[in-house]
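Quick note on our numbering: the sequence shown kicks off at 83 and runs consecutively.
We treat Cβ as the ideally placed atom computed from N, Cα and C, and that holds for glycine.
All figures in this text were calculated on a predicted structure; none of them were measured in a lab.
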Amino acid sequence: MENDVVCSGFFRAAEGAKISCLDKFQDGGFVQFVLGNILEGFYNFFAALLNPGMWLNWSDSQAIMRFIYYGGSVELFFVCFNLIVILTIIGIWKRPVMWSYVRGLEWVGNSVGRLFAWAGLLMVLQQIVIVFLQRIFTRPDISIGFGIPLQFDISWFAEELKLFNALVVCLCVSYTFIQGGHVRVDLFYAGAKFRTKKIIDMFGAIFFMIPFAVITWLYGWYFLWRHLVTPNPSASDRLELLLRKARLLKWNVETIGFSPNGFNGYFLFKILLCAFCVLVILQALAVFYRSWCELREGQESEGKYLDKDTLGEGEEAYEGTH
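See the structure below:
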């Protein structure tokens, strides 16, 4: 019966009883689904740019629902896919351009990581303050500031330590990768030839890092929004259903802690999970582009433009392990 449905228009059908011709084409199998979505991705990209109020005007509940839907949608995936393919083709054609991609992506990873790595120091200092105030001065709370201070129960600050840990884990992931601090499960990589290593790096970036990050994003995106708004959106909801739910939409930010006076900003962990996925995807692209450039230019280009931290002269053996 689906093959008998009359299509109207190329991208969108005007009448409810019809489907767009592109949608009908995409229903013809996996290959047609991919090709159709690649083609539609260009349309969706310009449609989003030309109609920002449709998804960024958050005074409109339907715009919020569109933002939620498209944030974890097939449409967004293929828009990003098209952009990455175009940028990659340009980079392959002009290798200096690809090196600029590498430098830009690694600059983002290093900058974010170096900033939020300080959260580790704050976590240690806050733990010391908590121990002193709780065990020595027997204070039940901590006040910060003058006039109207920021005052919470000491258990609130104790549970907040997990947020500092999450900041380090989620936002320093790319920085740690660039600095060579991740642990490798190395069966044959260390003894492989230079070209083999680069091929392994490219394969791992495309077939392991990006799929892992995309799947985590799809779960994390709706996990985040289910704790921000009601009625709860679902990954299985179609856009039409979410737009109908928009009439009942209201903000309902999760502020429930594990204890009555404990930390109540757990929605921040969901935001960090999404940020983690973005950084992993960007780092995967950086790994792929760097490996491609080094593969084409030879072993003498290994580590080119790499901005690594140093512990000082004579400490090279310990770098990447701190």
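Cα-Cα separation between residue i and residue j, rounded to whole angstroms
i           : j           : result
residue 337 : residue 114 : 45 Å
residue 260 : residue 165 : 24 Å
residue 125 : residue 251 : 37 Å
residue 284 : residue 374 : 7 Å
residue 387 : residue 235 : 48 Å
residue 351 : residue 245 : 7 Å
residue 99  : residue 118 : Low per-residue confidence applies at residue 99: pLDDT is 47, beneath 50, and the placement is therefore not dependable enough to give any value.
residue 269 : residue 363 : 25 Å
residue 194 : residue 179 : 23 Å
residue 257 : residue 263 : 9 Å
residue 381 : residue 391 : 21 Å
residue 84  : residue 277 : Low local confidence applies: a pLDDT of 46 at residue 84 is under 50, so the model's placement there is unreliable, with the coordinate-based value given in what follows. The alpha-carbon atoms of residue 84 and residue 277 are separated by roughly 50 Å.
residue 320 : residue 149 : 13 Å
residue 208 : residue 199 : 15 Å
residue 190 : residue 297 : 22 Å
residue 214 : residue 223 : 12 Å
residue 231 : residue 120 : 54 Å
residue 90  : residue 202 : Its pLDDT being 47, under 50, residue 90 is placed unreliably by the model, and the measurement read from it follows with that caveat. Whole-angstrom Cα-Cα distance: 58 Å.
residue 349 : residue 157 : 26 Å
residue 347 : residue 310 : 11 Å
residue 116 : residue 167 : 14 Å
residue 274 : residue 134 : 49 Å
Spatial neighbours of residue i in its chain, beta-carbon cut-off 8 Å, leaving aside the 5 residues before and after
i           : result
residue 288 : 366, 370
residue 300 : 154, 317
residue 357 : 252, 253
residue 379 : 177, 386
residue 377 : 277, 280, 281, 284
residue 343 : 234, 235, 237, 238
residue 163 : 120, 123
Buried or exposed by the 16-neighbour rule on C-beta atoms within 10 Å, applied to residue i
i           : result
residue 265 : exposed
residue 96  : Any reading at residue 96 must be qualified, since the residue scores a pLDDT of 47, below 50, and its modelled position is unreliable; the value itself is stated next. It counts as exposed.
residue 225 : exposed
residue 192 : buried
residue 271 : exposed
residue 293 : exposed
residue 239 : buried
residue 280 : buried
residue 242 : buried
residue 306 : buried
residue 210 : exposed
residue 137 : buried
residue 322 : exposed
residue 160 : buried
residue 79  : Residue coverage of the chain in this structure runs from 83 to 404, which leaves residue 79 outside it and unanswerable.
residue 408 : Shown here, the chain extends from 83 to 404; a query on residue 408 therefore has no answer.
residue 173 : buried
residue 345 : buried
residue 132 : exposed
residue 295 : buried
residue 439 : In this structure the chain extends from 83 to 404, so residue 439 is not present and cannot be described.
residue 368 : buried
residue 335 : exposed
Cross-strand partners of residue i (DSSP beta bridge)
i           : result
residue 239 : DSSP output for residue 239 lists no bridge partner at all.
residue 332 : 312
residue 232 : 226
Residues near residue i by beta carbon distance below 7 Å, same chain, minus five either side
i           : result
residue 304 : 154, 315, 316, 317
residue 302 : 352, 355, 356, 359
residue 247 : 205
residue 197 : none
Nearest-angstrom Cβ-Cβ length linking residue i and residue j, presumed shorter than 8 Å
i           : j           : result
residue 324 : residue 151 : 5 Å
residue 354 : residue 187 : Residue 354 to residue 187, Cβ: 20 Å. No contact.
residue 139 : residue 145 : 4 Å
residue 237 : residue 341 : 6 Å
Own chain residues within Cβ distance below 6 Å of residue i, not counting five before or after
i           : result
residue 143 : 328, 331
residue 385 : none
residue 216 : 236
residue 361 : 255, 256
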